[in-house]
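Reading through the structure tokens given below for one structure.
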Amino acid sequence: MVKVFIYPATSLILSDMVARFGHEPLGSAIGIRERIQTPGFESPPLQITPEEPKKGLKWAAVEVPSGVRGRMAVYGPLIEEAEAAIIIKDPDYAFGCMGCARTNELIQFHLRNKGIPVLDVAYPTSDEEGVGFVAALKEFLTGLETEGSA
Amino acid sequence: MTEKVRIAQLSCGPEYSGVQKEIYDAAEMVDAEVFFPDIALVDVQQGFSGFGLDVRSPDLKLAIARAKALVEGRIDADAVFIATCFRCAEAAIVRNELRRYIHENSALPVVSYSFTERTTSGTLLTRMEALTTIARRRALLAREEQEGITLGIDSGSSTTKAVVMKDNEIVGTGWLPTTEVLKSAEGVVDLALQEAGIRFDEIEAIGTTGYGRYLIGKKFNAQLVQEELTVNSKGAVYLADRQHGPATVIDIGGMDNKAISVQDGIPGTFTMGGICAGASGRFLEMTAKRLGVDITELGPLAMKGMGDTVPMNSYCIVFGTQSLVNALAEGSAREDVAAAACHSVAEQVFEQQLQEVDIKEPVIMVGGTSLIQGLVRAMGDLLQTEIVVPPHSQYIGSVGSALLASGYIRGE
Numbered sequence: 038m039v040k041v042f043i044y045p046a047t048s049l050i051l052s053d054m055v056a057r058f059g060h061e062p063l064g065s066a067i068g069i070r071e072r073i074q075t076p077g078f079e080s081p082p083l084q085i086t087p088e089e090p091k092k093g094l095k096w097a098a099v100e101v102p103s104g105v106r107g108r109m110a111v112y113g114p115l116i117e118e119a120e121a122a123i124i125i126k127d128p129d130y131a132f133g134c135m136g137c138a139r140t141n142e143l144i145q146f147h148l149r150n151k152g153i154p155v156l157d158v159a160y161p162t163s164d165e166e167g168v169g170f171v172a173a174l175k176e177f178l179t180g181l182e183t184e185g186s187a
Numbered sequence: 295m296t297e298k299v300r301i302a303q304l305s306c307g308p309e310y311s312g313v314q315k316e317i318y319d320a321a322e323m324v325d326a327e328v329f330f331p332d333i334a335l336v337d338v339q340q341g342f343s344g345f346g347l348d349v350r351s352p353d354l355k356l357a358i359a360r361a362k363a364l365v366e367g368r369i370d371a372d373a374v375f376i377a378t379c380f381r382c383a384e385a386a387i388v389r390n391e392l393r394r395y396i397h398e399n400s401a402l403p404v405v406s407y408s409f410t411e412r413t414t415s416g417t418l419l420t421r422m423e424a425l426t427t428i429a430r431r432r433a434l435l436a437r438e439e440q441e442g443i444t445l446g447i448d449s450g451s452s453t454t455k456a457v458v459m460k461d462n463e464i465v466g467t468g469w470l471p472t473t474e475v476l477k478s479a480e481g482v483v484d485l486a487l488q489e490a491g492i493r494f495d496e497i498e499a500i501g502t503t504g505y506g507r508y509l510i511g512k513k514f515n516a517q518l519v520q521e522e523l524t525v526n527s528k529g530a531v532y533l534a535d536r537q538h539g540p541a542t543v544i545d546i547g548g549m550d551n552k553a554i555s556v557q558d559g560i561p562g563t564f565t566m567g568g569i570c571a572g573a574s575g576r577f578l579e580m581t582a583k584r585l586g587v588d589i590t591e592l593g594p595l596a597m598k599g600m601g602d603t604v605p606m607n608s609y610c611i612v613f614g615t616q617s618l619v620n621a622l623a624e625g626s627a628r629e630d631v632a633a634a635a636c637h638s639v640a641e642q643v644f645e646q647q648l649q650e651v652d653i654k655e656p657v658i659m660v661g662g663t664s665l666i667q668g669l670v671r672a673m674g675d676l677l678q679t680e681i682v683v684p685p686h687s688q689y690i691g692s693v694g695s696a697l698l699a700s701g702y703i704r705g706e
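Just so you know, the protein sequences line up as chains A and B, in that order.
Per this note's numbering, residue 38 is the first one in the first sequence, and the count goes up by one each step.
Per this note's numbering, residue 295 is the first one in the second sequence, and the count goes up by one each step.
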């Protein structure tokens with residue numbers, strides 16, 4: 038089993054596909070789960086406290102907007118954990134959506150610089166492309182190394 | 295309107311910046327409710343593509359679609375709060391365009407704010423209070439004449455002011471530096487009553503505004519305790535006799551600046567604050583001290599000088615002081631330094647704040663700094679317009695409070 042970062046990280050379809058091929062998807066649900074499960078009502082709706090943007094400094098410089106740093110505090114640890122990544126280019130909103138364009142650029146940059154296997158695939162716009170899209174994901178996920186993983 | 299004022303939030307980033315709770319808290323303090331307009335996926339796609347601004351960030355696209363839903367009346371709201379990350383260029387464009395779009399196409403009061411992770415509910419309170427006042431007290435803000443005998447007290451960060459008004463006339467004024475908030479307030483009230491020849495027990499209604507408004511309001515048992523954005527707007531158009539039609543009110547204060555776009559005396563959009571005290575009255579106070587003149591002499595001194603001969607950029611009060619010290623050390627004339635300081639403050643307000651409101655003539659300058667002629671001239675040069683400085687402009691908050699408080703005499 039390989040830990041696969043999914044982009045868009047909010048995509049339930051992508052998360053499900055990764056899990057179906059026996060790997061662990063790393064996405065928003067994982068990143069936000071521990072925050073929203075924390076008791077109390079610190080900073081709704083995501084329970085992100087003013088500490089998070091400070092933690093985000095590890096992945097984004099102090100000059101970047103606070104929202105980028107807060108988002109990186111959620112996604113940064115997942116990127117560090119990731120052993121592979123799937124990046125869907127220009128996905129439809131219904132497929133999964135991540136809010137900040139600048140954060141998204143930074144996430145993709147970190148993933149590509151990590152030296153892990155990355156699948157870059159365009160979002161399908163026709164049935165034919167859809168079949169090719171699923172086939173590309175299947176090929177990537179089945180071909181991932183499983184050595185050393187739990 | 296007794297139920298909570300519903301403020302629609304259009305934003306990108308506050309949930310991730312840890313300031314969403316601060317926004318909720320500020321709204322709660324003024325008995326308002328902040329909510330995210332609920333729209334369908336198809337509305338998001340149609341919304342931003344129809345708006346014509348092709349931004350990359352999906353959250354900003356969502357904000358655009360939500361703004362369209364508000365303008366088209368598909369969402370029920372009393373006011374709009376636009377908030378995006380400070381430093382984000384894309385968000386700054388969207389923030390500005392949405393503010394303008396909502397202002398031009400609906401009657402909803404709107405305020406925009408760029409936050410950092412250190413933004414607190416206290417910083418947001420005055421803005422939220424102004425939004426709710428406009429939504430809740432339109433009838434009160436429509437008041438055009440003062441009736442009876444009323445007292446208005448403005449407890450600012452630098453100075454405390456009071457006026458006594460009687461039958462639509464200012465009959466007494468008081469002005470003191472703010473030291474102890476209550477003591478200063480008592481001092482200015484005594485001065486104003488003395489000048490008016492009126493006893494305190496003859497006062498029929500009291501209004502307070504400014505940073506110390508709650509404390510003073512409690513002490514004097516005021517009927518009206520109101521933030522300075524709505525109060526100053528009303529006071530400005532009243533004193534300038536421009537109660538109808540559009541106007542822009544600029545108030546460069548001791549600690550922060552206000553730029554308000556007003557229609558028929560009611561604020562539509564406004565900004566408050568500045569990046570640093572370098573763009574505030576405090577910098578001019580410091581300049582006067584450094585030049586060895588009283589603040590009241592700074593304006594006439596600046597009028598004699600040529601500001602463009604001295605380089606000065608008061609984006610930051612420390613850098614501004616550095617420029618000031620350098621200019622004097624290099625032998626620049628005091629008049630030129632005074633003019634440069636005025637120009638620098640005007641330029642910062644113009645560049646950082648006036649871009650966030652639509653400037654519509656007449657432009658009315660109010661507050662203590664409007665008495666500094668050099669600053670008024672510099673602002674007029676930048677805006678290419680004749681600035682109106684109404685009589686008693688330094689008492690703007692007190693006059694607005696006294697005027698609006700008279701609405702409580704007959705229980706409006």
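Backbone N, C-alpha and C fix where the C-beta goes; we use that ideal spot for every residue, glycine too.
Note that this is a predicted model, so its numbers are computed, not measured.
task: Find the nearest neighbour of N141/A within the set A627/B, D353/B, G466/B, judged by alpha-carbon distance.
output: D353/B
- prompt: Count the other CB atoms within 10 Å of the CB of L335/B; is the residue buried (16 or more) or exposed (fewer)?
  reply: exposed
message: Three Cβ pairs or more, each shorter than 8 Å: is that satisfied between the stretch 560-569 of chain B and the stretch 457-474 of chain B?
response: no
message: Residues of the stretch 120-140 of chain A in Cβ contact with chain B at a cutoff of 8 Å, in chain order, please.
response: Y130, A131, C134, M135, G136, C137, A138, R139
query: Which residue comes first and which comes last in the beta strand (DSSP E) that contains P540/B?
result: 540-546
message: Using the three-state DSSP reduction, which class does E680/B fall into: helix, strand or coil?
response: coil
Residues of the stretch 529-540 of chain B whose Cβ lies closer than 8 Å to any Cβ of chain A, in chain order: none
message: The beta strand (DSSP E) that contains M659/B, what's its start and end?
response: 657-660
query: Roughly how many angstroms lie between the CA atoms of T502/B and Q145/A, to the nearest whole one?
result: 53 Å
- request: Could you confirm whether any beta carbon from chain A is found closer than 8 Å to the beta carbon of K298/B?
  value: no
message: Tell me which residues share the same chain as K355/B and place their Cβ nearer than 7 Å to its Cβ, disregarding the 5 neighbours each side in the sequence.
response: V338, F342, V349
task: Measure the alpha-carbon distance for T414/B versus I317/B and round it to whole angstroms.
output: 8 Å
- prompt: If you run the structure through DSSP and keep just helix, strand and coil, what is V407/B?
  reply: This sequence places Tyr at residue 407/B; Val is not what is there. Y407/B: strand per DSSP, three-state reduction.
query: Going along the chain, which residues of its own chain have a beta-carbon closer than 6 Å to the beta-carbon of I510/B, five neighbours each way excluded?
result: I447, S449, A479, T502
- request: List the DSSP bridge partners of F42/A.
  value: L63/A, A122/A
field: Test: S48/A CB closer than 8 Å to a CB of chain B
entry: no
task: Compute the beta-carbon to beta-carbon distance between E120/A and K40/A, rounded to the nearest angstrom, for a pair I have assumed lies under 8 Å.
output: 5 Å
field: Cutoff 8 Å: F644/B Cβ touching any chain A Cβ
entry: no
- request: Using a Cβ cut-off of 8 Å (strictly closer), state whether R108/A contacts chain B.
  value: yes
Exposure label - T179/A; buried when at least 16 CB within 10 Å: exposed
message: Taking 8 Å as the cut-off, does the stretch 515-526 of chain B touch the stretch 629-638 of chain B (at least 3 CB pairs, one atom from each stretch)?
response: no
message: Between T426/B, T420/B, N526/B, E366/B, which has its C-alpha nearest I554/B's C-alpha?
response: N526/B
field: Chain-order list of residues whose beta-carbon lies under 8 Å from that of I428/B (same chain, five-residue window excluded)
entry: A373, P403, L435, T524, I560, P561
message: Beta carbons nearer than 8 Å to chain A: which residues of the stretch 400-421 of chain B have them?
response: F409, T410, E411, R412
query: Whose C-beta lies closer than 7 Å to the C-beta of C137/A among residues of the same chain, with five residues either side of it excluded?
result: G104, V105, R108
field: 7 Å Cβ shell around K528/B - same chain, five flanking residues per side excluded
entry: L435, G559, G694, L697, L698
- prompt: Going along chain A, which residues have a C-beta under 8 Å from R576/B?
  reply: Here the premise fails: no neighbours, minimum Cβ distance about 26 Å.
field: Complete beta strand (DSSP E) runs within the stretch 345-419 of chain B (minimum length 3 residues, chain order)
entry: 373-379, 404-409
message: For the structure I just gave you, are there three or more beta carbon pairs, one from the stretch 665-676 of chain B and one from the stretch 606-626 of chain B, closer than 8 Å?
response: no
message: What does the Cβ neighbour count give for M659/B, buried or exposed, with the cut at 16 atoms within 10 Å?
response: buried
field: Close Cβ partners of E184/A (< 7 Å) along its chain, the five nearest in sequence each way excluded
entry: Summary for E184/A: the model assigns pLDDT 47, below 50, so the residue's position carries little reliability; its value from the coordinates is reported in the next sentence. So the list is empty, once near-sequence residues are dropped.
query: Going by Cα to Cα distance, which pick from T542/B, M606/B, L595/B, T565/B is closest to G572/B?
result: M606/B
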